[in-house]
Amino acid sequence: MACYYATRPYCCAGAYAERVRTMKTSNDAQLRMPGPTPLPAAVRKACSDQMISHRSPEFAQLYREIEARLAPIFGTHGDVFILTVSGTGGMEACVANTLSPGDKVLAVSIGVFGDRFAEIARVYGADVIDLAFPLGQAADPTQVAQALQAHPDCRVVLVTHNETSTAVTNDMAAISQAVAASRSNPPLLVVDAVSSFGAIPCHMDQWCCDMMLTASQKACMAPPGLSMIAVGPRAWPIIEQARSPRFYLDLRAAKKYADRDNTPYTPAVSAFYGLRQALELMEQEGLEAIYARHGRVARKLRQGLQALGYELVADEAHASDSITAVYFPTGVTGEAFMARLATAGLSVGGGQGALKGKAFRIAHMGYVSEAAIDVVLEMLDRVR
Ligand SMILES: *Cc1c(COP(=O)(O)O)cnc(C)c1O
Numbered sequence: 000m001a002c003y004y005a006t007r008p009y010c011c012a013g014a015y016a017e018r019v020r021t022m023k024t025s026n027d028a029q030l031r032m033p034g035p036t037p038l039p040a041a042v043r044k045a046c047s048d049q050m051i052s053h054r055s056p057e058f059a060q061l062y063r064e065i066e067a068r069l070a071p072i073f074g075t076h077g078d079v080f081i082l083t084v085s086g087t088g089g090m091e092a093c094v095a096n097t098l099s100p101g102d103k104v105l106a107v108s109i110g111v112f113g114d115r116f117a118e119i120a121r122v123y124g125a126d127v128i129d130l131a132f133p134l135g136q137a138a139d140p141t142q143v144a145q146a147l148q149a150h151p152d153c154r155v156v157l158v159t160h161n162e163t164s165t166a167v168t169n170d171m172a173a174i175s176q177a178v179a180a181s182r183s184n185p186p187l188l189v190v191d192a193v194s195s196f197g198a199i200p201c202h203m204d205q206w207c208c209d210m211m212l213t214a215s216q217k218a219c220m221a222p223p224g225l226s227m228i229a230v231g232p233r234a235w236p237i238i239e240q241a242r243s244p245r246f247y248l249d250l251r252a253a254k255k256y257a258d259r260d261n262t263p264y265t266p267a268v269s270a271f272y273g274l275r276q277a278l279e280l281m282e283q284e285g286l287e288a289i290y291a292r293h294g295r296v297a298r299k300l301r302q303g304l305q306a307l308g309y310e311l312v313a314d315e316a317h318a319s320d321s322i323t324a325v326y327f328p329t330g331v332t333g334e335a336f337m338a339r340l341a342t343a344g345l346s347v348g349g350g351q352g353a354l355k356g357k358a359f360r361i362a363h364m365g366y367v368s369e370a371a372i373d374v375v376l377e378m379l380d381r382v383r
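Just so it is clear: in the sequence shown, position 345 is 344 by numbering that gives the first Met the number 0, and no numbers are missing.
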């Protein structure tokens with residue numbers, strides 16, 4: 000039978016193929032990679048609905064419902080846009096709409112995704128000041144403040160809320176305070192919340208954050224294909240004047256259409272269906288309950304892993320509630336260990352950047368329960 004894992008080499012493993020088959024009805028497939036994440040049954044069903052015209056009143060209604068449910072998760076009263084792109088497309092939209100060639104940007108990085116933000120800004124011709132922190136550590140707000148003092152002409156600060164490569168969550172309240180206090184007219188604060196949104200609280204307005212982006216396939220329990228971007232009032236004059244070339248990612252066009260509950264170009268309609276259903280499930284559970292569940296799941300996993308003798312990458316004080324990065328046990332190559340995990344039926348993320356070949360990553364964002372963590376721990380005990 001066809002499954003979307005079919006092209007993966009380790010799918011050949013019989014046990015794994017069997018798991019994939021049963022996934023269709025069970026709560027969780029042991030798909031524990033950081034996106035795409037497993038979909039609840041209701042979301043899978045919603046995604047299979049018939050197409051509608053994206054210029055119809057039905058689509059406008061769909062758009063409105065999604066937009067209204069996204070805003071409180073961002074913690075904003077500002078505008079929310081839904082672009083048919085992956086998370087990286089959303090990051091690029093943030094850069095292309097706020098920066099002009101030669102503009103000075105402070106890129107705060109604690110891993111691969113922070114580096115990616117910096118790289119996108121470089122591609123757009125920005126003058127990037129890199130502020131990187133040691134592996135497994137969160138960004139130090141004091142150093143952010145110092146960097147902004149040293150560069151009073153900095154126009155934008157790029158920060159990753161939850162660094163998916165190292166499984167570390169930045170203290171956005173403290174970082175945003177450092178940015179806000181840096182001068183009377185502080186630089187724009189642009190935050191990648193792709194792997195935190197819907198799992199870890201986001202307070203865009205409270206954090207005086209000007210742009211925040213996420214994507215459909217992480218804690219939102221929807222299929223890949225959409226990036227949701229919240230834009231605050233301070234960002235608009237800058238977006239209007241930015242001189243970076245942009246067409247598909249132009250937020251001015253997105254705004255023009257969003258005013259009519261629509262998108263400038265053909266949206267991924269099925270992903271919109273899925274996202275609406277997922278947001279409805281999230282509303283039923285309640286945001287506070289969702290965050291508490293992610294906290295419980297993450298603590299349970301970290302404690303269980305440590306009890307099994309695994310070593311974690313993240314500084315415990317800033318360990319993420321949506322993902323955990325784990326060093327491969329000694330005496331086994333990363334490749335061999337990953338193959339064992341695949342045979343056992345567990346799909347995890349590999350190590351990225353400095354952690355390539357050294358660590359793997361277990362995602363626990365979105366559709367995840369404590370019972371699912373019991374299964375993960377049991378498998379990790381077996382393959383050790
Ligand atoms: C997943 C992720 C992205 C976007 O990745 P895409 O594959 O382009 O969707 C960006 N930032 C972070 C922190 C992520 O976890």
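All C-beta atoms in this analysis are idealised placements derived from N, C-alpha and C, irrespective of residue type, glycine included.
Residue of the options minimising C-alpha distance to residue i
| i | options | result |
| --- | --- | --- |
| A270 | G303, R31, H53 and I238 | H53 |
| A144 | P236, T159, Y123 and L105 | L105 |
| A125 | G135, A146, K103 and D114 | K103 |
| A370 | A297, P33 and E91 | A297 |
| V190 | G197, S368, W206 and A180 | W206 |
| I361 | V374, A324 and R339 | A324 |
| C46 | Q276, A241, G350 and Q283 | Q276 |
| V42 | A131, Q302 and G365 | G365 |
| R381 | K357, G348, E315 and G308 | G308 |
| Y272 | D258, E287, H76 and L225 | L225 |
| R292 | H76, V122, I199 and A353 | I199 |
| I174 | V375, A146 and T75 | A146 |
| I109 | A313, M378 and K44 | A313 |
Nearest-angstrom Cβ-Cβ length linking residue i and residue j, presumed shorter than 8 Å
| i | j | result |
| --- | --- | --- |
| T163 | S194 | 4 Å |
| M32 | S346 | 5 Å |
| V155 | L187 | 5 Å |
| V111 | Q351 | 4 Å |
| K468 | G34 | Residue 468 lies beyond the stretch modelled for the chain, which goes from 0 to 383, so this question has no answer here. |
Neighbour flag for residue i against chain B, beta carbons, 8 Å
| i | result |
| --- | --- |
| A138 | Absent here is chain B; the protein component of the structure consists of one chain. |
Residue i: first and last residue of the uninterrupted beta strand (DSSP E) it sits in
| i | result |
| --- | --- |
| Y326 | I322 to Y326 |
| S108 | K103 to S108 |
| A370 | No beta strand (DSSP E) contains A370, which is instead part of the alpha helix (DSSP H) from E369 to V382. |
| T159 | V155 to T159 |
| L69 | Not the beta strand (DSSP E): L69 falls in the alpha helix (DSSP H), residues P56 to F73. |
| V190 | L187 to D191 |
| I426 | Within the shown structure, residues of the chain are numbered from 0 to 383, placing residue 426 beyond reach of any answer. |
| R360 | A358 to A362 |
| A40 | No beta strand (DSSP E) holds A40; the alpha helix (DSSP H) holding it covers A40 to C46. |
| I128 | D126 to A131 |
Where the alpha helix (DSSP H) through residue i begins and ends
| i | result |
| --- | --- |
| A117 | V111 to V122 |
| F336 | G333 to A343 |
| E287 | L286 to A306 |
| S99 | Counting along the chain, S99 falls outside any alpha helix (DSSP H), and DSSP gives it neither H nor E. |
| T141 | P140 to A149 |
Taking the runs of the alpha helix (DSSP H) that are 4 residues or longer, which of them lie wholly in the segment 195–279? Qualifying alpha helix (DSSP H) stretches, in chain order: 235–240 and 250–257.
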